[in-house]
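Input: a single structure, listed below in structure tokens.
In my numbering, the protein residues as written are 11 to 99.
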């Protein structure tokens, strides 16, 4: 899993930092998201998925790498999650 944040979309609600504090924080000046761990360990991933889903600004994107299938271009298929929406890549 790769985690990306968009500080320009972030509203500073802090749901990510409350849900997955080992992966997300907020800066002291504006309260915007700070990504602490762009490749979280397996045991932290469920909380990161929840954080992405509850983000009111959809400022968190997750790229989940598929383990058993490959795309026609030869790379691993992944799933991109932004906020509560999911799209296949």
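Beta carbons: idealized from backbone N, C-alpha and C, even for Gly.
Asked: Residue 28, enclosing alpha helix (DSSP H) - first and last residue; Found: 25-29
Asked: 7 Å Cβ shell around residue 26 - same chain, five flanking residues per side excluded; Found: 34, 43, 61, 65, 70
Asked: Where the alpha helix (DSSP H) containing residue 58 begins and where it ends; Found: 55-64
Asked: Alpha carbon of residue 52 to alpha carbon of residue 11, nearest angstrom; Found: 9 Å
Asked: Spatial distance of residue 36 from residue 13 (CA atoms); Found: 16 Å
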